[in-house]
Amino acid sequence: MDNTLETNAQMNEELLIKTIEEDNIVGFREEFMTLHPYDQAQFFFKLTPDVRIKVYYFLSPKELAIFFEMLEIEDHEYKGILAEMDPKYAADMLANMFTDNAVDVLNNLDKDQTASYLSIMDHSAAQEIKGLLHYEEYTAGSIMTTEYIAISANQTVRSAMYILKKEAPKAETIYYVYVVDEDERLVGVISLRDLIISSDDTMISEIMFDRIVAISVSADQEEAAKQMRDYDLLALPVVDFQNHLLGIITVDDIIDVIDEEASDDYSKLAGVSDMDTIDKNPFAAAKKRLPWLIILLFLGMFTASLIGRFEDTLSKVPIVAVFIPLIAGMAGNTGTQALAVAVRGIATGELAEISKIKLILRESGTGLITGTICGVLVAFIVFVWKGELLLGFLVGISILASLFVATLAGSLVPLVMHKFKIDPAVASGPFITTMNDITSILIYFGLATMFMSYLIH
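Numbering (our numbering), first residue to last: -8 to 448.
Put into structure tokens, the structure is as follows:
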């Protein structure tokens, strides 16, 4: 099935390329307009700038706007693609996009470029876009759209349906219709389903739902995502401090937010920034990774110097060096596991439902259980392997203590950082692993030094 789809897509692309090369505008439009907007965007992005310039002549700004927002490109690439178009064409295309998507594009341009496009754009579209441009990035206001349908509570269903039919072509979603008072304050919401099944003469006030889930315009976009997830909404109204309806956030924008936040958290856990950007330039990629690597390099040097302080123990009992990677690796692994649980709990809001102390106690118990089992197992293996009961006991106790401390640190560090309003994801895996290396080595060599006289034959 997948191969068939790929073959059909390739054939479509070849046909479209042929129509462009032949300047066959009719043939191009007949084929191109049958594609889904996503497929249109995929085809458009694969074209070279010279070929794309021809496409601008084949399509109207409104037709381009339909799929332009679906382009899977890096933020900085918008500037180059818009520069290929005639400025008036580009302005008209932006004016025909949904407001929130047009704002996303303009936010990637220089202020002078943005002002230039707004100055030659349709006045009403420019005013709506300007209204959203001033909201701080990553807030509910920055991702909301103003293309929604609002009605009054003292209307009948018949008049509300008239407004709905009239405004639907311009609205981003029609599944929810919002009810406002004379001061544009949000007082209710009604679903399209309820409108359809109600009799024409029913008053909106009788069927609207007045216990509304809404979000403040200045709230973080992650909070908006959580509300939409918790209440299973297709759209979320955005209000100011006086409850005036300013816009709505639709589910497609929230999916982008969830993807963006997940990518951001994952990249921080890996100790890399902007992991969602695949840099074509190795120097740019190295520049992003070097800060963390340099920090970890110095921590690694500290670990090396720490081992050097136990040189006397190593020279007298060299067998203990064999188990350094085992103990450090186990501590790093279990610390990263605890870190992932804590960061995920903070990111999803699950930790708000349980006590932080409860989480710490649970992770401590988990570290104690896993440490005990691994410690007993490795002690037995070392005894069978080396025939040294005391050495097995030393390694086993070190594993137990290291896993307990690492698990506790992995859960505690993100909670402390979250308490001080620092993104807990920056307590990345490499950082926790390195810190646990230091702790486990201290524990292991401390015990080895303590029992050194019993280990020397």
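Built from N, CA and C at the ideal position, the CB exists for glycine as well.
All values reported here derive from a predicted model rather than from experimental measurement.
{"Asked": "Distance between residue 106 and residue 95 (C-alpha atoms, nearest Å)", "Found": "15 Å"}
{"Asked": "Runs of alpha helix (DSSP H) lying entirely within the segment 96 to 166, each at least 4 residues, in chain order", "Found": "102 to 111, 114 to 124, 131 to 134, 148 to 158"}
{"Asked": "Endpoints, the beta strand (DSSP E) within which residue 182 is located", "Found": "177 to 182"}
{"Asked": "Rounded straight-line distance, which links the Cα of residue 90 to that of residue 116", "Found": "8 Å"}
{"Asked": "Continuous beta strand (DSSP E) assignments of at least 3 residues falling wholly in the segment 202 to 239", "Found": "226 to 230"}
{"Asked": "Endpoints, the alpha helix (DSSP H) within which residue 373 is located", "Found": "347 to 377"}
{"Asked": "Boundaries of the alpha helix (DSSP H) in which residue 78 is found, first to last residue", "Found": "78 to 86"}
{"Asked": "The segment 380 to 394 touching the segment 303 to 322, judged by at least three CB pairs closer than 8 Å", "Found": "yes"}
{"Asked": "For residue 443, three-class secondary structure by DSSP", "Found": "helix"}
{"Asked": "Simplified DSSP state of residue 200, which is helix, strand or coil", "Found": "strand"}
{"Asked": "Separation of residue 148 from residue 186, as counted between CA atoms", "Found": "6 Å"}
{"Asked": "Close beta carbons around residue 427, own chain, < 6 Å, minus the five adjacent residues each side", "Found": "322, 323, 326, 397"}
{"Asked": "Cβ pair residue 206, residue 229 closer than 7 Å", "Found": "yes"}
{"Asked": "Start-to-end residues for the alpha helix (DSSP H) that takes in residue 408", "Found": "380 to 410"}
{"Asked": "Boundaries of the alpha helix (DSSP H) in which residue 300 is found, first to last residue", "Found": "Here residue 300 belongs to no alpha helix (DSSP H), and DSSP marks it neither H nor E."}
{"Asked": "Span of the alpha helix (DSSP H) around residue 36", "Found": "28 to 37"}
{"Asked": "Cβ neighbour criterion (16 or more within 10 Å) applied to residue 232", "Found": "exposed"}
{"Asked": "One or two residues paired with residue 194 in a DSSP bridge", "Found": "147"}
{"Asked": "Spatial neighbours of residue 137 in its chain, beta-carbon cut-off 6 Å, leaving aside the 5 residues before and after", "Found": "90, 119, 238"}
{"Asked": "Rounded C-alpha distance that separates residue 277 from residue 68", "Found": "21 Å"}
{"Asked": "Euclidean distance between Cα positions of residue 3 and residue 246", "Found": "29 Å"}
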